[in-house]
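See structure below.
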Amino acid sequence: MTPVLPCVDEPGKQVKSAIRIKNTSKSHVAFKFQTTAPKSCFMRPPGAILAPGETIIATVFKFVEHPENNENVLQKCKVKFKILSLKVKGPMEYAPELFEEQKDQAVVEKILRVVFLDIENPSPKERRERYLAQQQVEVVDSV
940 MTPVLPCVDE PGKQVKSAIR IKNTSKSHVA FKFQTTAPKS CFMRPPGAIL
990 APGETIIATV FKFVEHPENN ENVLQKCKVK FKILSLKVKG PMEYAPELFE
1040 EQKDQAVVEK ILRVVFLDIE NPSPKERRER YLAQQQVEVV DSV
C-alpha cells in the first residue's frame, strides 16, 4: 500500500501538507524530493542531510487545479511524490548533485500518493485517510 499525503481540495489555490522525515539509520543520510508534477508541486526543504536519529518536518506545497471536463477526484489524485534517500559519509553540506555523484550507491525510495480531502464534508474514508496520513516517513539505511 502506498502511503498517502493529504491535500485539501481547493481548486485555484495553493495548499500545503506537512510530513515528518526521520533518519532511523546509524549513518548520515541525504534525502531529496521528486514529484510527477514539478510545475505545480514543491517541497521545503527540497532536500537535506539528516544525522542519525534526526527528524525534520517538511512542507509539501501543491497548486490545486480546477477539474477538467468532469474529471473526478480519482483522476486528480495521479500526482505522486517520491522521497529519495542516500547514505553519506558524515556531516556535510547538502547539494542536489550528491545523488548524481553517488549514483553507484544504493538509493532508497519512498513513494507518497496525493489524496484530496473535502474539508467541508469529509467522508469516513477521508477522515480515516487523514488520520492514517499522520504517518512517519522513515529514511532507512540502504546498506
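Under this note's numbering, think of the first position of the sequence shown as 940, with each following residue one higher.
Glycine included, each C-beta is placed from N, C-alpha and C at the ideal position.
The structure presented is a predicted model; accordingly, all values stated were derived computationally and were not measured.
query, result
"With C-beta atoms as the reference, is A969 less than 8 angstroms away from M982?", "no"
"Just list the residues that DSSP pairs E1048 with in beta bridges.", "L1023"
"Which one of E1040, P1030, K1026, E1036 has the shortest CA to CA distance from V1046?", "K1026"
"Looking only at its chain, what residues have a beta carbon closer than 7 angstroms to the beta carbon of G1029, apart from the 5 residues adjacent to it on each side?", "H967"
"What are the boundary residues of the alpha helix (DSSP H) that E1084 is part of?", "What is shown of the chain runs 940 to 1082, which leaves residue 1084 out entirely."
"For G986, tell me which candidate among L1051, K965, L1037, I1050 has the shortest Cα-Cα distance.", "L1037"
"Helix, strand or coil: how does DSSP classify S979 here?", "coil"
"Mark S1024 as exposed unless 16 or more other C-beta atoms lie within 10 angstroms of its C-beta, in which case mark it buried.", "buried"
"Judging by CA-CA distance, which residue of V999, K1019, S979, K1001 is the nearest neighbour of E1048?", "K1019"
"Is DSSP giving R959 helix, strand or coil here?", "strand"
"What does DSSP give as the partner residue(s) for A997 in the beta ladder?", "I958"
"Going by beta-carbon coordinates alone, are M1031 and I995 separated by less than 8 angstroms?", "no"
"Starting from the Cα of S964, find the closest Cα among E993, Q953, V1003, E1040 and give me that residue.", "E993"
"For K971, name the three-state secondary structure that DSSP assigns.", "strand"
"Give the DSSP-derived three-state secondary structure of A1034 in the structure shown.", "coil"
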